[in-house]
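Add 70 to a position in the sequence shown, counting from 1, and you land on the number used in the working numbering.
Below is one structure, written out as structure tokens, with a few remarks after it.
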Amino acid sequence: MANPSVMSMPVSSHSQPQTTSVVATEVVASLLAWLPRVRRDLPWRRRRDPYAVWVSEIMLQQTQVATVIPYFERWLARFPDIASLAAASQDTLLKAWEGLGYYARARNLQHAAQAVMARHGGVLPSRREALLALPGIGRYTAGAILSLAFGQAEPVLDGNVRRVLCRVYDIASDPAAPATERELWSLAGNLVQAAPEGQAGDLNEALMELGALVCVPGQPACSACPLAGVCLAQARGVQAERPVTAKRAPTPHYTVAAALVLDDAGRYLIARRPTHGLLGGLWEFPSTPAEASGTGQRAQESLPDFLVRAVDERLGIQIAAGARLGQISHAYTHFRITLHSYHCAWLGGQPGVASYYAAVAWVAPAELGAYPFPVTHLKIRKCLNREAPLGRRLLRDFTEQAY
Ligand code: SF4
């Protein structure tokens, strides 16, 4: 453990004169005393083995704890170890992740599992450099695995920890700026170095819990906070203004059209997206953005007419677009879409995959559930099955229109 006397962090590089120091050992002692009183009983905490920690940390990226819990439990039942994950088929893998979003996480988990089988005898390595060499494992995830599963004094810096540190040390610069990011990693590193031997994992967990439960975005619950006595932002009354958020560019919005193509046998045409890229490897009803370069919607062209042309260009089949099933709005990290889906009749041609998709299939409605779909197309499927409230609402808009 490092000498606590060198862990006193003068806070000096920010917008206002600094007169106070935050002492790392005080922060650590307060957090470690507080954690047992509030620690949530979460399934990945019951078994702090490296594989479970790794899977949970990947699932928790961009995703709420309550959403992750059932996925985590199903995943561990379906893939109990690295060997079973490495050997899974693409459809099995994506089906287990269906609805969780950010599907590159699942593909990277499997690529990393395959690398662990090939390079490390099926055992997740406990060296930082070896972890960082695996797909999908960055500095945060490596720090979480090393501290939580191996007890090493490695820091973590996720959104919760970033917010806590910006407030405790009253950091008045954009945490996304590289210099501030480096400073935050340094502060997080100082804290784990100040933790008693073997307790870096508990300290990191306490920082994450504090950000999740008390030092929340907007108005934090300072009266319930174990760090209220040392927190600079709270002392200065600026906690609601930390972290500083830089003005971001408006999120782009795209219109997407999807074709629900039925053949004469009552089967739907679905297609598998290319393995790499957004929603890679997932199945969907053939769809395309109206703003697609080259093939996009033309001036004066209606959305159904554009869809008919785009399906012909992408899949080589002729369809007629009929009634609209409905529209679904969805936000991805860097853009938003509105997806309009249309019932379509297949007129001719055999669907091919040369220009875009990786595979196509005609599937009976009852069999669609066997294929992994992205969230937006899951909603379409539910509408088709008349199962979900959304489906009933959208189906009210359904206009009886001949194909
Ligand atoms: S005192 Fe308030 S602002 Fe400071 S760390 Fe605690 S909850 Fe966050």
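Where is the CB? At the ideal position from N, CA and C, for every residue including glycine.
- For T403, the closest C-alpha among the options A258, A390, R144 and L348 is that of L348.
- If you check the CB distance, P313 and G259 do not come in under 8 Å.
- With 16 or more neighbouring CB atoms inside 10 Å of its own CB, V234 falls in the buried class.
- G396 has S411 as its beta-bridge partners, per DSSP.
- Straight through space, the alpha carbons of L438 and A158 are spaced by roughly 20 Å.
- The secondary-structure analysis by DSSP pairs L330 across a beta bridge with H413.
- For Q184 and T162, the gap between their C-alpha atoms comes out near 15 Å.
- In this structure, the ligand SF4 has a non-hydrogen atom nearer than 7 Å to the beta-carbon of L297.
- Classified as exposed, Q397 has fewer than 16 neighbouring CB atoms from the shown chains inside 10 Å of its CB.
- Distances taken from the Cβ of V284 to the heavy atoms of the ligand SF4 include one shorter than 7 Å.
- In this structure, DSSP gives E354 an extended state, which the three-state scheme calls strand.
- G418 is bridged by DSSP to Q388.
- The Cβ atoms of T321 and F405 sit closer than 8 Å to each other.
- In the DSSP assignment, H323 is bridged to R406.
- The count of Cβ pairs closer than 8 Å, one atom from the segment 350-368 and one from the segment 320-340, reaches three, so the stretches are in contact.
- In this structure, S357 and A328 form a Cβ contact; the two beta carbons are roughly 4 Å apart against a cut-off of 8 Å.
- The beta carbon of T446 sits closer than 6 Å to those of I398, H400 and L409, all from its chain and outside the five residues before and after it, given in chain order.
- Contact annotation: D244 and A303 have beta-carbon atoms that are not nearer than 8 Å.
- With 16 or more neighbouring CB atoms inside 10 Å of its own CB, Q269 falls in the buried class.
- Checking the 7 Å criterion, the Cβ of Q289 is out of range of every heavy atom belonging to the ligand SF4.
- In this structure, DSSP gives P248 a helical state, which the three-state scheme calls helix.
- Uninterrupted alpha helix (DSSP H) stretches at least 4 residues long and entirely within the segment 125-154 occur at 135-148, given in chain order.
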